[in-house]
Ligand SMILES: Nc1ncnc2c1ncn2[C@@H]1O[C@H](COP(=O)(O)OP(=O)(O)OP(=O)(O)O)[C@@H](O)[C@H]1O
Ligand SMILES: Nc1ncnc2c1ncn2[C@@H]1O[C@H](COP(=O)(O)OP(=O)(O)OP(=O)(O)O)[C@@H](O)[C@H]1O
Ligand SMILES: [Mg+2]
Ligand SMILES: [Mg+2]
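The structure is reproduced here in structure tokens:
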């Protein structure tokens, strides 16, 4: 489903270069559930952004479902992203002027989903994430963990088959974090492909396949039995 | 050093009320090291904001070093905050236009610290937090965990005796998180008062005193031996 070959991502700051990803090659099959761990600054968010078509590599190739997406124009990338990928950002990127409910609903509105169907999905997502009595709050009227749950619900509202989640439990207590992972894992049980960046070894260990990044390189790629 | 008596904090959203803190009473002595844990949405950030003079209670009293600070005017609150309290925000609140180094330096510039002394403290903080080769990066050119470390370094740059840290290791791998806690604990060893909000039980267990909030109330307040 996903094939990365020799991905390089170099940032330039002032006169210097930061090699955030160094020759990363990775195959991810449809239906896999993997975690990505590694030290702060090792390139995890950068890798997820490349996978999510939010950032372009400086070198290397990205094939998504057999199609080379490396060279696509911005509007085409945006279309593929909207239709196929649910992305949970490390710092949420919620729309400040919209309520929790409106934020979750936004991808569905953009996709032209009917109001009655949007309402059905919203009710289910708000209940699943314990956000029912915060639906009308804007992000600045929510706790950190409530914002995180809104970001996750938004990523799932279009029922995408590829979920990319950057630290989805970072601001959640253990119990709420387990609930969130249960929902993401249900997407996996239903056939979806799920990649989770996490600093929490307990969360990382839940995945079938565990990738470790250090200084922009994949240094470990283990599968647990019964993959 | 800190006495909270019957603190109430009520938010109003549309027609409804959210009781974020309900009758919280708490004494914190100079030199204590405590952790505050509890479910997402239980009032931890709100409590820390009240302690940090960033938010006013709707009822109840806050005495800081014997002085009633509940009714102070905004500019006086700001002065007390600047001089006595180092605050690490759950989502950092770094200045986007400034570099990592300039962000860390900002409180010192505002306090009129001499350039040579600022440079000395900056060099020490950048080294302590592994940020030396990211000093010239702006927040959007830093990883999540690097931003978090900049926020912590900034809070410590004025050598405050009261440190309030909201989820200081939330975006850090275990190793970097331990390093950060070691620096905060050094402040404690040197006589400072440290309160850490955390979702990580391992981090919470390091404190001498552990407070648990549920639904705006203190439900647990335990001290470990040798406090
Ligand atoms: N826009 C940018 N410009 C310059 N350097 C950048 C930029 N974005 C990221 N970096 C650098 O690239 C490296 C990788 O960043 P990335 O955000 O992928 O790390 P990460 O593994 O997600 O870290 P964390 O666990 O702290 O979130 C970091 O050293 C960071 O400073
Ligand atoms: N400005 C606000 N307006 C309305 N409600 C608010 C506001 N700020 C916080 N709340 C609500 O008050 C409650 C406590 O929020 P707080 O941010 O203190 O929780 P928290 O314990 O820090 O949660 P987390 O662990 O998710 O960060 C939450 O239910 C939240 O929705
Ligand atoms: Mg990251
Ligand atoms: Mg909080």
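Protein chains in written order, with the working numbering: chain Z, 862 to 1088; chain Y, 862 to 1088. All C-beta atoms, glycine included, are put in the ideal place defined by N, C-alpha and C.
If residue i sits next to residue j, beta carbons under 8 Å apart, how far is it from one beta carbon to the other, in whole angstroms?
i: residue 887(Z); j: residue 911(Z); result: Contact flag wrong, Cβ pair sits at about 10 Å.
i: residue 931(Y); j: residue 900(Z); result: Not quite, the Cβ-Cβ distance comes to about 43 Å (not below 8 Å), so this is no contact.
i: residue 951(Z); j: residue 1028(Z); result: 5 Å
i: residue 955(Y); j: residue 918(Y); result: In fact, because the Cβ distance is near 27 Å, the residues do not count as touching under 8 Å.
i: residue 947(Y); j: residue 1019(Y); result: 7 Å
i: residue 1062(Y); j: residue 1035(Z); result: 7 Å
i: residue 1071(Y); j: residue 1083(Y); result: 5 Å
i: residue 895(Z); j: residue 1025(Z); result: No, residue 895(Z) and residue 1025(Z) are not in contact; Cβ-Cβ is about 11 Å, not under 8 Å.
i: residue 1010(Y); j: residue 1023(Y); result: Contact flag wrong, Cβ pair sits at about 20 Å.
i: residue 1117(Y); j: residue 996(Y); result: With chain Y covering 862 to 1088 only, the question about residue 1117(Y) has no answer from this structure.
i: residue 864(Y); j: residue 924(Y); result: 4 Å
i: residue 1048(Y); j: residue 1055(Y); result: 6 Å
i: residue 938(Y); j: residue 965(Y); result: About 23 Å separates the two Cβ atoms, so there is no contact after all.
i: residue 1002(Y); j: residue 953(Z); result: Contact flag wrong, Cβ pair sits at about 19 Å.
i: residue 921(Z); j: residue 866(Z); result: 6 Å
i: residue 1096(Y); j: residue 986(Y); result: Past the edges of chain Y, shown from 862 to 1088, lies residue 1096(Y), and the structure says nothing about it.
i: residue 1006(Y); j: residue 902(Z); result: 6 Å
i: residue 1077(Z); j: residue 904(Z); result: 4 Å
Mind checking whether the beta-carbon of residue i lies closer than 7 Å to any heavy atom of ligand 2?
i: residue 899(Y); result: yes
i: residue 1032(Y); result: no
i: residue 951(Y); result: yes
i: residue 872(Y); result: yes
i: residue 1002(Z); result: yes
i: residue 879(Y); result: yes
i: residue 995(Z); result: yes
Is any heavy atom in ligand 1 found nearer than 7 Å to the beta carbon of residue i?
i: residue 907(Z); result: yes
i: residue 998(Y); result: yes
i: residue 903(Z); result: yes
How about residue i: is its Cβ closer than 7 Å to a heavy atom in ligand 4?
i: residue 1027(Y); result: yes
i: residue 1005(Y); result: no
Taking 7 Å as the line, does the beta carbon of residue i fall inside it for any heavy atom of ligand 5?
i: residue 966(Z); result: By its list of ligands, the structure shown excludes ligand 5, since it contains just ligand 1, ligand 2, ligand 3 and ligand 4.
In chain order, what residues of the region 931-961 of chain Z put their CB closer than 8 Å to some CB of chain Y?
Residues of the region 931-961 of chain Z with a C-beta less than 8 Å from any C-beta of chain Y: 951, 952, listed in chain order.
Residues within the region 899-931 of chain Z neighbouring chain Y, beta-carbon criterion of under 9 Å
Cβ contacts with chain Y: 899, 900, 901, 902, 903, 904, 905, 906, 907.
So if I threshold CB-CB distances at 9 Å, which residues from the region 1021-1033 of chain Z count as touching chain Y?
Taken in chain order, the members of the region 1021-1033 of chain Z whose beta-carbon sits within less than 9 Å of a beta-carbon on chain Y are 1027, 1028, 1030, 1031, 1032, 1033.
For the region 987-1010 of chain Z, which residues have a CB atom closer than 7 Å to at least one CB atom of chain Y, in sequence order?
Of all residues in the region 987-1010 of chain Z, only 997, 998, 1002, 1004, 1005, 1006, 1007 place a beta-carbon less than 7 Å from a beta-carbon of chain Y.
Name the residues in the region 1053-1072 of chain Z whose C-beta lies less than 9 Å from a C-beta of chain Y; which are they?
Flagged, chain order: 1060, 1061, 1062.
Give, in chain order, every unbroken run of the beta strand (DSSP E) that is at least 3 residues long and sits entirely within the region 1033-1070 of chain Y.
Here the runs fully enclosed are 1054-1058.
Under 7 Å, CB to CB, which of the residues in the region 864-887 of chain Z have a partner in chain Y?
Against chain Y - using a Cβ distance shorter than 7 Å - the residues of the region 864-887 of chain Z are 872, 874, 875.
Which residues, taken in chain order from the region 1036-1052 of chain Y, show a beta carbon closer than 9 Å to some beta carbon of chain Z?
For the region 1036-1052 of chain Y, which is checked against every Cβ of chain Z, the residues closer than 9 Å are 1036, 1037, 1038.
Which runs of the beta strand (DSSP E), 3 residues or longer, sit entirely within the region 979-1030 of chain Z?
Listed in chain order, the beta strand (DSSP E) runs fully inside the region 979-1030 of chain Z are 1023-1027, counting runs of at least 3 residues.
What are the start and end residues of each continuous beta strand (DSSP E) run of 3 or more residues lying completely inside the region 908-988 of chain Y, in chain order?
Taken in chain order, the complete beta strand (DSSP E) segments of 3 or more residues contained in the region 908-988 of chain Y are 920-925, 946-949.
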